[in-house]
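Heads up: the sequence shown begins at 15 in this note's numbering, then just goes up one per residue.
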Amino acid sequence: QFRKKRLRFGRSRIHEWGLFAMEPIAADEMVIEYVGQNIRQVVADMREKRYAQEGIGSSYLFRVDHDTIIDATKCGNLARFINHCCTVSPGWSPNPGGGTPGGPADPSCLPQPNCYAKVITIEAQKKIVIYSKQAIGVNEEITYDYKFPIEDTKIPCLCRTESCRGTLN
């Protein structure tokens, strides 16, 4: 049984606004559903251009599958404020010698996203749900790896973690 988590949005050290836990959240719990309008790719492309023309700094388009995108830009919930945080890749090292001079990199001590997004189907309707990867403390910012596809036009990453890839895509 899912109980709605107590969350708040507030100023983020990552990027403008973020989403924060107002209560402890255990690992492997549903945190929040990403809510918005279900639209097709062609509509998402038009809206993205329109949002840019209107001066809307951020759009909140989340791909569900090949055909469907959830647009939370104008009618979404607090989930749209969840910021990206890079995931440490296996074998990643902050310097050529490893995490400490002469030692291997230890990804367990580096900041990681504390959540992940998962597409689930409820009564033939696909939904995006954010789940906790680990225990999350009170006032801790909720983050996940956006896992954007690689594109020529890069979007700078602002997570500032030691393991930051530099771009979202």
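Cβ coordinates follow ideal geometry from the N, Cα and C atoms, glycine included.
Exercise. Is there a Cβ from chain C that is less than 8 Å from the Cβ of residue 72?
Worked result: Within the model displayed, chain C is absent; a lone protein chain is all it includes.
Exercise. Can you name the residues that DSSP bridges to residue 54?
Worked result: 82
For this session: Compute the Euclidean distance between the alpha carbons of residue 98 and residue 129, then round it to the nearest angstrom.
Result: 10 Å
Problem set entry | Extent of the continuous beta strand (DSSP E) to which residue 35 belongs | 31-35
Problem set entry | Close-in-space but distant-in-sequence residues of the same chain around residue 91 (CB under 6 Å, 5 per side omitted) | 49
Exercise. So what's residue 139 in DSSP terms, helix, strand or just coil?
Worked result: Correct three-state label for residue 139: strand.
Problem set entry | Own chain residues within Cβ distance below 8 Å of residue 152, not counting five before or after | 35, 36, 37 and 38
For this session: Would you be able to state if there are at least three C-beta pairs under 8 Å between the segment 133-146 and the segment 164-172?
Result: no
Problem set entry | residue 84 and residue 55 closer than 8 Å at C-beta | no
Exercise. In or out: residue 66 buried (at least 16 other Cβ within 10 Å) or exposed?
Worked result: It is exposed - the Cβ of residue 66 has fewer than 16 other Cβ atoms within 10 Å.
Exercise. Using DSSP with H/G/I as helix, E/B as strand and the rest coil, what is residue 47?
Worked result: strand
Problem set entry | Proximity to residue 7 [Cα-Cα], best of 175, 20, 22 and 58 | The requested residue 7 is not part of the displayed model; the chain covers only 15 to 183.
Problem set entry | With 16 other Cβ atoms within 10 Å as the buried cut-off, status of residue 134 | Counting C-beta atoms within 10 angstroms of its own C-beta, residue 134 has fewer than 16 neighbours from the protein chains shown and is therefore classed as exposed.
Exercise. Can the beta-carbon of residue 19 be found less than 8 Å from the beta-carbon of residue 46?
Worked result: yes
Problem set entry | Three-state secondary structure assigned by DSSP to residue 17 | coil
Exercise. From which residue to which residue does the beta strand (DSSP E) around residue 158 run?
Worked result: Judged by DSSP secondary structure, residue 158 falls within the beta strand (DSSP E) whose first and last residues are 155-158.
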